[in-house]
Each structure stands twice: as structure tokens, then as C-alpha cells.
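All letters in the sequence shown, in the order written, are residues 0 to 259 by numbering that gives the first Met the number 0. Note that beta-carbon positions come from the ideal geometry of N, C-alpha and C, so glycine has one too.
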Amino acid sequence: MSFLGKKIVVTGCSSGIGAKTCELLKQQGAIVIGVDRNTTSLNVDEFFQADLSDPRSIDALIAALPAGTDGLLNVAGLPPTSGAVSVVRVNLLGLKRLTLGYVDKLADGAAIVNVASLAALGWQDAIPAIKAVDKITNFEDTETFCNKHNIDDARSYFFTKEALVVWTMQNRWTWRNRGIRMNCVSPGPVETPILKDFLETLGERAAEDMKVMDRAGTPEDIAPVIIFLASGDSAWIRGTNIACDGGMFNHVQCAMNDLL
Ligand code: NAI
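Written out as C-alpha cells, the structure reads:
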């Protein structure tokens, strides 16, 4: 994989998985354009401060970002402790607004990679809410939407990642005539600043999950998979969700189907 001279936009570049992704991209010769609400100068050639929960900030970002870039890596995300409205706005509505608003400025052949989560594995049970969220055009409607669909703080994280996996599948061929692909990566628990927030919200269930795992993941486990999906080496992978979780997704599948 070489990214020599390729320009890649990475959201969530200031911490955790996003920061590691920027570091590896730089090592492979990419020109990295970082986006985050928190400023950083580490491993980015250019930095844009933006709040992905705010549509005005996102629209200003879209106007300011350079055209002709080769990738948009949507890594930024909030844990459930941030509250349902913020989680839905950043993890889903903001991500979609940025992607749909920026796609015209991407170069033909570019790759879009979304970071979802192991938390998305039950998406089949959330179809009505997933269809309904697609109709939200005004960020101000987020709270009403959450109330209507019983999406509280704890549920919000799962819901946004479920909807993201489905949105990625649905857009498997949306930009095919331009050679633009979109895929996602679903990490299991990863040692970053937000891991403690997940464990706090998920409580006993998370503790049980962690018992069957040999270890938590690290950003070094996840970033290479994101980069693979951004590279030409994954050219025929479209609309796919790759689990990167030490086997946890498959463990849950086996457990649910009496196959342990
Ligand atoms: P992190 O907290 O280290 O990094 C998240 C980054 O997103 C931060 O730099 C933060 O400033 C940025 N961000 C948050 N809200 C923003 C906003 N409104 N506008 C702009 N930037 C914003 O967390 P981590 O773990 O690196 O998370 C990256 C992605 O991986 C997220 O989408 C998360 O949901 C996902 N993920 C993380 C897991 C974990 O256990 N750490 C597990 C599964 C998925």
C-alpha cells in the first residue's frame, strides 16, 4: 500500500484511532488533512477545526476543505455518556452531512471509510428507526426523533453505529460511476480515551464481554484496516463492514445461534 502524494481527510484526527490513522498515513507518504473539534498539529499537514454536531460548522468545513482529495475517513465519534442528542448528531447526522456535502469535491476513485462499531451487530432489529432517521434533514429534530424511537443515552451509541453500517451498505454503488467506494470498519473495545465511557454505560454486559476477550484492542489494531479500505488494494470491496474486534463479533454470532 502506498499513499505517496495522496491527499486524505481524516476526522477525529486529534485522539485515539483517528490520530493513529493519521500517523500511519503520514508514514506511507500521504498528505493528511485533519478535522477535529480539538486542535492538533501532530501527523497532519493541514488542520481544520470543526464541530461535527453543528450543521453550520459542517457546511463551513465542506466549503473550506480542498477539492480533489483521495479519501474521507470518518473516524470522529462520541461515546454514549455524551447524551443521545449529541451522539446522534456527531456519529450519524454530522457524518452523513459531511460525506454527502463533500463527495462532489472528492477526486474520482476516492474512498470513504466510516468507523462504526461492534455495537452495530444487531442492526436488523432497528430497521424502522433506521429508515426514519434517514428522513431527518434538520438537526433540531434530533431530540424529537430520539424520544419517538425510545433512543436514550445508552441506546444512542448502538443506534448510530447500526444506522451507519446500514447506510454504508445502502450506498455500495451510489458513486460507482466515479469509482468512489464507501466501506466501514467495526472495532471492538479499543484502548482510547473513550473506552472508560463505554464500560461505564454498558456496565455488566461490557465486563462479561471483556472476560471472553484475550485483550482490548489498540489503535494500532484498527488504523491499518481503515487504511486498507482507503487504499487501492481494496478496490473491489464496496459497502462492506469489516469487524476488527479480536473475534468478538463471531463469538456473539456463535453464541446467539447455539454454535459455541
Ligand atoms: P477518541 O475520543 O480517542 O477520539 C474521537 C475523536 O473524535 C476525538 O479527537 C474527538 O475530539 C473527536 N470528536 C468528537 N466529537 C466531535 C465533534 N463534535 N466534532 C469534531 N470532532 C469530534 O475515541 P476513539 O476511540 O479513537 O474513537 C474513534 C471512533 O472509533 C469513534 O467513531 C468511536 O465510536 C469508534 N469506536 C471506538 C471504540 C473504542 O472502544 N474506543 C470501539 C468501537 C468504535
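Short CB-CB distance (under 8 angstroms) between residue i and chain C
i   : result
A83 : Any reference to chain C falls outside this structure, which holds one protein chain only.
Reduced DSSP secondary structure (H/G/I, E/B, other) of residue i
i    : result
N146 : helix
F227 : helix
D208 : helix
D232 : helix
E161 : helix
E190 : coil
A119 : helix
V114 : strand
G216 : strand
Counted within 10 angstroms of its Cβ, other Cβ atoms place residue i as buried (16 or more) or exposed
i    : result
T143 : exposed
I126 : exposed
L99  : exposed
Bridge-paired residues (DSSP) for residue i
i    : result
K6   : I30
N240 : C183
L105 : T68
F46  : G33
N73  : T10, N113
Close beta carbons around residue i, own chain, < 7 angstroms, minus the five adjacent residues each side
i    : result
Y101 : I61, L64, L71
Near ligand 1: residue i beta-carbon under 7 angstroms from a heavy atom
i    : result
G261 : Absent from the structure is residue 261, since the part of the chain shown begins at 0 and ends at 259.
I16  : yes
P79  : no
I129 : no
A49  : yes
V114 : yes
Chain-order list of residues whose beta-carbon lies under 6 angstroms from that of residue i (same chain, five-residue window excluded)
i   : result
L94 : N73
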